[in-house]
Structure formats: structure tokens, C-alpha cells
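A.B. asks: This structure is in C-alpha cells; I'll ask about it shortly.
Chains as they are written, first to last, in this note's numbering: chain A, 45 to 469; chain B, 45 to 469.
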């Protein structure tokens with residue numbers, strides 16, 4: 045019994061998948077319990093240049109015909125519409141599907157999972173979140189005996205690299221982005237990364253698995269890093285924080301979910317603070333397990349291919365021994381914390397004319413809105429004699445913080461320059 | 045269809061397993077795909093005091109009869125002989141087994157795995173290594189598409205706590221051990237922890253899974269932390285290192301395995317250097333995935349129970365949908381690197397009478413044995429006018445380092461106080 049594999053897409057990840065399937069054929073087959081055979085690779089341009097290990101005889105432009113020949117279909121095309129069509133076709137034909145397509149799952153997951161269930165086949169997607177880091181498994185299976193309270197992650201390497209460079213070199217966002225694009229670390233169109241959509245898709249997938257409720261990418265509150273300035277980072281550093289693009293998913297005691305992506309001030313001692321460059325890391329807080337952290341390469345051809353192939357081995361083993369793999373389970377309707385009720389500590393940076401009594405006036409606006417201040421830091425700005433004032437709050441409702449800022453702005457007591465969330469210890 | 049569960053042992057972990065099975069019954073059953081029912085708890089003393097959630101009607105002293113009533117048997121007794129007897133009995137009767145018993149698996153794993161295979165049932169043991177940290181899964185399944193090169197871990201919380209306290213407070217081993225015993229962090233008989241046997245059992249289990257070769261606890265080179273002094277730690281700190289009890293498993297290009305537990309100098313920037321207190325952490329280097337790190341609570345009732353229950357859910361789901369879980373696979377005879385050939389960087393601390401030319405003489409002994417020096421640090425010891433000299437080597441064979449030290453001792457050029465391994469960056 046040979047397990048036939050169709051590979052859709054031969055980009056950075058797909059090409060590495062093809063290489064490992066060839067080079068590690070014996071080991072992978074032993075683990076799967078049956079020989080694995082790559083029966084074809086579908087590509088959009090059959091004449092394009094390819095890595096030397098790509099067997100040109102396997103190339104085809106006819107994805108649908110290729111799917112028919114396979115037991116397992118690996119979808120690594122990118123985009124949403126075509127992959128959706130092909131994945132649904134594969135499932136309908138009784139094939140197991142392995143995909144690394146976070147956008148597809150965060151937008152059309154339920155349709156795909158439901159069809160897989162109906163057809164009694166499996167969908168695997170370890171590679172869709174945090175590359176080689178087995179965090180999909182962690183929330184779906186390794187914590188199957190536990191209750192996840194919160195997930196916090198650095199899920200996008202590009203933004204982590206940019207913020208890192210801004211922090212260590214004091215550079216502006218645009219300058220670092222340009223260098224990152226030149227080095228190939230950032231796409232020509234960096235929107236999905238820098239505006240947080242990539243991280244949003246990933247945290248939506250994790251939240252669905254962790255809380256057993258469906259979370260669509262549109263349910264995620266997203267804020268990117270474009271507006272972060274070198275001054276924000278300097279102020280954060282002074283306060284003992286590092287600014288990271290943090291994706292979070294939390295469930296409160298009433299079952300309400302809050303899923304978001306925000307540039308966040310992470311306390312320097314927090315394990316996520318030291319995650320540098322293009323690495324990804326996920327911290328999971330569970331009731332019995334307490335805090336778990338997973339860390340590794342979140343992108344790149346070979347690391348992502350490693351995750352794809354672990355899914356291929358699992359899918360192949362299932363074909364051999366039977367049964368269905370553990371899947372997402374929906375245990376209730378998703379109820380979300382409203383944008384107003386979302387709670388966090390906040391870091392508010394203001395510019396004030398240094399006049400007597402301003403601090404008393406400002407703190408009154410916070411108190412009036414029910415926002416409790418945890419610390420205040422004041423620093424003279426050499427250039428214009430203004431004073432830079434940063435206020436860190438205790439956990440507060442977003443609406444109360446917004447009301448505070450409205451009051452401050454209306455009274456023209458100070459100019460609010462930046463409002464950022466602060467992560468827990 | 046109800047899945048019947050027998051719990052053998054109601055100690056710290058067993059009691060938490062019973063609690064979670066009761067409190068999270070609905071969630072666990074939903075994930076397993078069938079109701080889970082705890083049908084009995086076997087204990088040695090039925091009249092002993094128990095946690096309030098333990099249902100006394102479930103208690104029995106007859107483990108064998110209890111096993112007969114169950115689909116899944118959870119073994120959390122401790123020790124080796126009785127658990128071995130009961131686990132083999134359970135497998136022979138066609139039950140799935142979940143165990144957290146590292147000593148049992150590191151000594152009798154092959155007998156257990158072979159019987160499970162013969163009887164077409166599963167053995168799960170996520171809880172046997174690093175508590176709640178899903179590292180058994182990581183090497184068995186999440187890296188099934190990859191080739192593991194090396195595993196490095198802090199796998200024993202007690203020794204990590206002791207070394208931590210020695211480092212931060214400058215205390216002696218015996219003093220910290222006594223406090224740890226008083227606080228309940230260390231056993232009255234601390235041998236298994238401080239002499240490295242507990243970590244050795246765990247790394248043997250991981251090495252077997254990662255390299256697909258059987259590794260017995262006796263195949264592990266073990267060195268504990270009893271001999272580590274405050275001076276060793278001070279010297280390590282000066283050199284930019286932290287002393288940790290590190291368990292390692294590596295496979296070289298010829299397929300030879302080196303599995304060991306050593307107090308090791310970890311460079312301060314290495315992710316394992318910052319793992320404090322009773323946490324466990326494992327760093328895995330794989331060919332495609334590159335470096336992965338897993339971190340969390342390695343012991344304690346609730347965290348370990350979390351791992352046990354994830355295995356219970358997996359075992360129950362298998363009972364529902366059929367098939368066998370991924371298991372250890374043996375792909376060849378184990379060949380080990382000899383103790384002489386085992387390579388590492390070394391840190392050698394000596395006391396020398398400060399006389400002219402001693403450094404030239406010492407370095408000649410290193411060169412003669414083929415050991416390359418990477419750095420030398422010299423410091424006067426206030427008390428007696430002697431000089432403390434530390435030499436850090438490049439990677440060298442253990443036998444060559446031993447020969448160097450023999451030469452130094454024979455010539456009485458210096459007194460070698462300590463030889464420790466140094467971890468890679």
C-alpha cells in the first residue's frame with residue numbers, strides 16, 4: 045500500500061516539501077507505516093525556473109486532475125479563492141488535506157471543517173500557524189486534558205524583525221521596512237504583515253481550537269505597527285518594556301472571548317520580550333498546566349516544510365491504520381467581548397506644556413472615567429521645553445480609557461501622542 | 045459508548061487527575077468523543093487521608109480486578125516493579141495505558157512497547173517527560189517530517205532550583221538541598237534528582253523517540269550536581285556562563301548516539317540559561333525546523349495531570365474512532381559514541397602557584413593531547429596567593445581532555461579543581 049501525495053504549489057515552502065519528501069523518503073515512510081509517493085506538483089507556470097531537486101516530470105498545471113490521483117493533498121498555493129476551491133474539491137473526493145494557508149482557514153475554516161467531517165476525512169494545518177512550532181497541536185491535543193485561559197503570541201516574524209531593528213538601532217519604521225524589503229524579509233506589499241492581518245488569521249485559528257468556538261478573522265481586533273515611532277519605543281524602554289506585535293486570545297469566566305492583535309508593551313522580564321528577529325513564540329496559560337511556552341522558526345521554506353511533513357506523516361498513518369485525526373470541536377456559539385469592554389493595562393504618552401497643577405488636572409480625568417493609574421513618568425523634551433508625560437494604568441476598559449483621552453484632548457490640557465496596550469507580567 | 049478509566053495511584057498527580065476527570069468531565073468527554081467514566085482508583089492504603097474530591101467508593105486495593113473493568117488504565121504508582129507488572133497485565137488484557145513513569149519506560153520500555161504492538165493497543169507517556177510540556181509529542185509526531193540532530197534539556201526541576209539558589213545566593217550545595225527538602229521541593233532521599241538519574245530516564249525516552257533506536261537508562265552517561273561548589277559557579281559566572289544540569293542526546297552523521305546528563309556551563313545568551321526555578325525546558329535542533337524550544341512546568345500535581353489527561357483524551361478518542369496512535373519506531377540497532385570519543389567544549393578550573401612560565405607549560409599539555417584552547421582566564425586568590433586559572437577549550441574528545449589533565453597532575457604544574465562540559469551557543 046503506497047500513499048500517493050499531490051503537492052499544490054512549488055514556492056518557497058512547496059519546494060522544500062518536495063526536497064524532503066525525496067531526501068527523507070525512507071524515514072518518512074517508516075514513520076507513516078507505508079511508502080509515500082509524490083505523484084505530482086501543480087504549478088501555475090510549468091516553465092519557470094525551479095530548484096534542482098524538483099522533478100520536472102511531476103509538474104502539471106491541472107490541479108484538479110492531480111488531486112484525483114492522490115490520497116493526500118498538500119495545499120501550498122497562497123491566496124484564498126483558488127485554494128478554497130481546490131481544498132473543498134479534495135475533501136469532496138475523500139482526500140486528506142494538509143495546508144499551511146492561514147488566511148484560507150481564518151476565513152473559510154468552518155466550511156472546510158464541516159465538509160471534512162461530513163466526508164470523514166482529515167484537514168491538517170500545523171504549518172498555518174508559527175511555522176515549525178507545533179502550536180496547533182498544543183492547543184488541539186496537548187491541552188486536550190486542560191482548559192486554556194489565554195494565548196499570547198509573536199506570530200509574525202516580519203513585524204518582530206522590524207520592531208527589533210527599530211528598538212536596537214533607534215530607526216524609523218519606514219527606514220527599517222525598506223531595508224527589510226531589500227533583504228527579502230518583507231514583501232513588496234507588506235500590508236498583511238505590518239497591518240497585523242497575518243497574525244490575526246493565526247490567532248483566530250488558535251482561538252477556535254483553544255476555546256472550541258468559531259472565530260473568524262473579522263472577529264479579531266487588529267492594529268498594526270505602522271504608527272509606532274522611535275519615540276514610542278524609547279518611551280517604552282524607559283518604562284522597562286519592549287514593544288512587540290502581540291496576538292492574544294483570552295476567554296473570561298462567562299465564556300466571552302477577546303481576540304486581538306496589538307502593538308503591546310511587554311515587560312522586559314516576560315518570556316516574549318526576548319524573542320528576537322524572525323522567531324515566533326507562543327505562551328499559553330492553561331488552568332492545570334499553568335504557563336507553557338513554544339518557540340521556534342515561524343516562517344521560511346524548510347521550517348514550514350517540517351510542519352507540513354509532520355502533518356503528511358500523520359495523515360498517511362491515518363490512511364494506514366484508519367480512524368480520523370483529532371479535529372476542531374465546536375462546543376458553543378462564539379460570544380465576544382465588545383471593543384468597549386476589552387480590558388488591558390494601558391500606556392499613554394502625552395505632551396504637556398509644563399505648568400503648575402497639570403498633573404493634578406490630568407489625574408482627575410483618569411479618576412473621573414474610573415481608570416486607575418499605576419505609574420507616571422515625566423521627562424523634559426529638550427527641543428521645545430514641553431514635557432513628555434507617560435501614564436501607565438491598571439487594567440481598564442477600553443471605553444473608559446477612550447473617555448479619559450477625550451476629556452484630556454477637549455480640555456487641551458495635554459496632547460495625547462500614543463495609546464498602547466501593556467501586557468501582563 | 046462510555047470509556048471506562050482505571051486510575052492506579054492517588055498521589056500528588058493521581059489526585060489531580062481524579063479532580064480534573066470530575067470537574068472537567070463534560071469538556072473532556074466532548075474532546076474524546078464519548079463520555080469518560082472513572083471506574084476506580086487503586087491505592088495501597090484505603091484508609092489514608094485523601095483530597096476532598098476523591099470519591100471513597102471508587103477506592104480499591106485490588107489493581108488487577110480494577111484493570112479488568114477498564115478500557116484505559118492510568119498508571120501513576122511510582123517505582124518500577126509493581127507498575128511494570130500492572131502495565132504488562134493491562135496491555136495483555138487489551139487496555140490502553142497512560143503512564144507518567146519515566147523510570148519504568150527507561151528501564152523496560154521495549155518490553156512494554158513490543159507487547160502493546162503485539163496486542164494492537166497503545167501506550168501513552170507524555171507525562172513521563174517534562175510534566176505539562178508536550179515534548180514527547182514533539183519528538184514523536186511534530187518532528188515526524190524532520191530529522192532531529194540534538195536535544196538539550198533541563199528536565200529536572202529540583203536540581204534546577206538548587207543550582208539557581210546556589211547561583212543567585214552564593215550558597216553551598218548542602219545548604220540549599222536542606223532548605224529544598226524542608227520546603228518539599230526535594231525528596232528526603234534526593235538521589236534520583238541530584239545524581240541525575242531522573243533526568244537520565246527522561247532523556248533516554250526522548251532519545252529513543254527522536255533517533256528511532258532503543259536507549260536504555262544504562263546507556264546514558266550520568267553525572268549529578270553534588271560536587272558543584274559555589275566556587276565553580278562563581279568561576280562560571282565570570283566566564284559568562286550559568287551552570288545547569290543539562291540532559292543531551294545527539295546523533296552524529298554516522299548514526300552514533302551520545303546521551304548524557306552533566307552539569308554544564310550554558311552560555312548566558314542561550315535560551316536554557318534563563319530557565320529558572322522548577323521550570324523545565326527542552327531545545328530541539330532539527331534539520332529542517334532548525335531550533336525549537338518548549339518550556340513549562342516540569343513537575344507538580346496539576347501540570348503533570350494536564351499531560352496525563354491529554355493522553356487519556358487521545359486514548360479515548362482512539363477507542364472511539366479506531367486505529368492505533370503513533371508509537372515509537374525502531375529503525376536500527378543503537379550504536380553509541382564511546383565515553384572516550386564523546387566530544388564537548390570543556391571548562392577546566394585549576395589552582396596554580398604563580399610562577400613564571402606556568403602558562404606556557406600548561407598550554408603545552410593541552411596542545412600535546414590535541415586539545416585546542418579557546419580562552420584562558422587567570423585570577424589571584426586573595427587568601428593564599430595562589431592563582432585560579434580557568435581554561436575553556438574548543439570541542440575536544442573526552443579522552444584527550446582526560447589525558448591533558450593527567451599530564452598536568454603528574455607534572456604537578458597545577459591542581460585541577462574541576463572539569464565541566466560547556467554547552468554550545
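C-beta atoms are modelled at their ideal positions from N, C-alpha and C, and glycine is treated no differently.
Compare the C-beta of residue 154 of chain A with all C-beta atoms of chain B and state if any pair is closer than 8 angstroms.
C.D. replies: No, because no Cβ of chain B sits closer than 8 angstroms to the Cβ of residue 154 of chain A.
A.B. asks: Can you check whether the C-beta of residue 285 of chain A is within less than 8 angstroms of a C-beta belonging to chain B?
C.D. replies: Chain B contact via Cβ: absent.
A.B. asks: Per the DSSP calculation, residue 392 of chain A is bridged to which residue(s)?
C.D. replies: In the DSSP output, where bridge partners are listed per residue, residue 392 of chain A has A:435 and A:463.
A.B. asks: Suppose contacts are defined by Cβ-Cβ distances below 8 angstroms. Is residue 437 of chain B in contact with residue 418 of chain B by that definition?
C.D. replies: In this structure, residue 418 of chain B lies closer than 8 angstroms to residue 437 of chain B by Cβ.
A.B. asks: Return the CA-CA distance between residue 153 of chain B and residue 147 of chain B, expressed in angstroms with no decimal places.
C.D. replies: Answer to the nearest angstrom: the Cα atoms are 9 angstroms apart.
A.B. asks: Assuming residue 349 of chain B and residue 72 of chain B are in contact, meaning their beta carbons sit under 8 angstroms apart, how far apart are those beta carbons, in whole angstroms?
C.D. replies: That pair is no contact at about 12 angstroms.
A.B. asks: Between which two residues does the beta strand (DSSP E) harbouring residue 421 of chain A extend?
C.D. replies: Run containing residue 421 of chain A: 417 to 424, per the beta strand (DSSP E) assignment.
A.B. asks: To the nearest angstrom, how far is the alpha carbon of residue 405 of chain A from that of residue 445 of chain A?
C.D. replies: Distance between the alpha carbons of residue 405 of chain A and residue 445 of chain A is about 16 angstroms.
A.B. asks: Look up residue 49 of chain A in the DSSP assignment and give the residues it is bridged to.
C.D. replies: Beta-bridge pairing links residue 49 of chain A to A:82 and A:116.
A.B. asks: Tell me whether the beta-carbon of residue 173 of chain A lies closer than 8 angstroms to the beta-carbon of residue 288 of chain A.
C.D. replies: No. Outside cutoff.
A.B. asks: Would you say residue 189 of chain A and residue 303 of chain B are within 8 angstroms of each other, going by their C-beta atoms?
C.D. replies: Cβ atoms of residue 189 of chain A and residue 303 of chain B: not closer than 8 angstroms.
A.B. asks: What's the call for residue 456 of chain A, buried or exposed, on a 16-neighbour Cβ count within 10 Å?
C.D. replies: Result: exposed.
A.B. asks: State the Cα-Cα distance for the pair residue 197 of chain A and residue 308 of chain A, rounded to the nearest angstrom.
C.D. replies: So the two alpha carbons sit approximately 11 angstroms from each other.
A.B. asks: Mind pulling the chain A residues with CB within less than 7 angstroms of residue 296 of chain B?
C.D. replies: By Cβ distance, chain A contributes nothing, its closest Cβ being about 16 angstroms from residue 296 of chain B, past 7 angstroms.
A.B. asks: Return the residues of the stretch 132 to 148 of chain A that lie within a Cβ-Cβ distance of less than 7 angstroms from chain B, sorted by chain order.
C.D. replies: Going along the stretch 132 to 148 of chain A in chain order, one finds no residue with a Cβ nearer than 7 angstroms to chain B.
A.B. asks: Can the beta-carbon of residue 243 of chain A be found less than 8 angstroms from the beta-carbon of residue 199 of chain A?
C.D. replies: In this structure, residue 199 of chain A lies closer than 8 angstroms to residue 243 of chain A by Cβ.
A.B. asks: Does the distance from the CB of residue 433 of chain A to the CB of residue 463 of chain A come in under 8 angstroms?
C.D. replies: No; because the gap between Cβ atoms is not below 8 angstroms, this pair is not in contact.
A.B. asks: Within 8 angstroms (strictly less), CB to CB, does residue 362 of chain A reach chain B?
C.D. replies: Yes, residue 362 of chain A lies at the interface with chain B (some Cβ there is under 8 angstroms from its Cβ).
A.B. asks: Taking a contact to mean a Cβ-Cβ separation below 8 angstroms, would you say residue 238 of chain B touches residue 284 of chain B in this structure?
C.D. replies: Not in contact: residue 238 of chain B and residue 284 of chain B (Cβ atoms no closer than 8 angstroms).
A.B. asks: Which bits of chain A does residue 191 of chain B rub up against, with CB to CB less than 8 angstroms?
C.D. replies: Going along chain A in sequence order, the residues near residue 191 of chain B (Cβ under 8 angstroms) are 68 and 71.
A.B. asks: Relative to the C-alpha of residue 393 of chain B, which candidate in B:465, B:100 and B:339 has its C-alpha closest?
C.D. replies: Ranking B:465, B:100 and B:339 by Cα distance to residue 393 of chain B puts B:465 first.
A.B. asks: Look up residue 303 of chain A in the DSSP assignment and give the residues it is bridged to.
C.D. replies: Paired residue(s): A:293.
A.B. asks: For residue 313 of chain B, collect the residues of the same chain with a Cβ closer than 8 angstroms to its Cβ; drop the 5 residues on either side in sequence, then sort them by chain order.
C.D. replies: Correct list, in chain order: 469.
A.B. asks: What would DSSP say about residue 325 of chain B, mapped onto helix, strand or coil?
C.D. replies: It is a strand residue.
A.B. asks: In the DSSP assignment, find the alpha helix (DSSP H) that holds residue 345 of chain A and state where it starts and stops.
C.D. replies: Here the alpha helix (DSSP H) through residue 345 of chain A covers 345 to 365.
A.B. asks: Pick helix, strand or coil for residue 105 of chain B, following the three-state DSSP scheme.
C.D. replies: If DSSP states are grouped into helix, strand and coil, residue 105 of chain B belongs with coil.
A.B. asks: In chain order, what residues of the same chain have a beta carbon less than 7 angstroms from the beta carbon of residue 359 of chain A, not counting five sequence neighbours either side?
C.D. replies: Taken in chain order, the residues that qualify are 116, 140, 142, 166 and 168.
A.B. asks: Taking all protein chains shown into account, decide if residue 301 of chain B is buried (16 or more other Cβ within 10 angstroms of its Cβ) or exposed.
C.D. replies: Classification of residue 301 of chain B: buried, given that the 10 Å Cβ count is 16 or more.
A.B. asks: Where does residue 411 of chain B land, buried or exposed, given buried means 16+ other C-beta within 10 angstroms?
C.D. replies: Counting Cβ neighbours within 10 Å, residue 411 of chain B comes out exposed, since fewer than 16 surround it.
A.B. asks: From B:55, B:83 and B:56, pick the residue whose C-alpha is nearest to that of residue 47 of chain B; which is it?
C.D. replies: When each option's Cα is compared against that of residue 47 of chain B, the closest is B:83.
A.B. asks: Contact criterion: CB-CB distance below 8 angstroms. Does residue 336 of chain B meet it with respect to chain A?
C.D. replies: Yes, contact with chain A.
A.B. asks: Based on the DSSP output, what are the partners of residue 470 of chain A in its beta bridges?
C.D. replies: Only positions 45 to 469 of chain A appear in this structure, which leaves residue 470 of chain A out of reach.
A.B. asks: Measuring CA to CA, which of A:282, A:161, A:113 and A:210 is closest to residue 274 of chain A?
C.D. replies: For the residues A:282, A:161, A:113 and A:210, the minimum Cα distance to residue 274 of chain A belongs to A:210.
A.B. asks: Taking a contact to mean a Cβ-Cβ separation below 8 angstroms, would you say residue 78 of chain A touches residue 364 of chain A in this structure?
C.D. replies: In this structure, residue 364 of chain A lies closer than 8 angstroms to residue 78 of chain A by Cβ.
A.B. asks: Note down, in chain order, every chain B residue with its Cβ under 9 angstroms from the Cβ of residue 352 of chain A.
C.D. replies: Under the 9 angstroms cutoff, chain B gives 189.
A.B. asks: Entirely within the stretch 176 to 256 of chain B and at least 3 residues each: give me those beta strand (DSSP E) ranges in chain order.
C.D. replies: The stretch 176 to 256 of chain B contains these whole beta strand (DSSP E) runs: 192 to 198.
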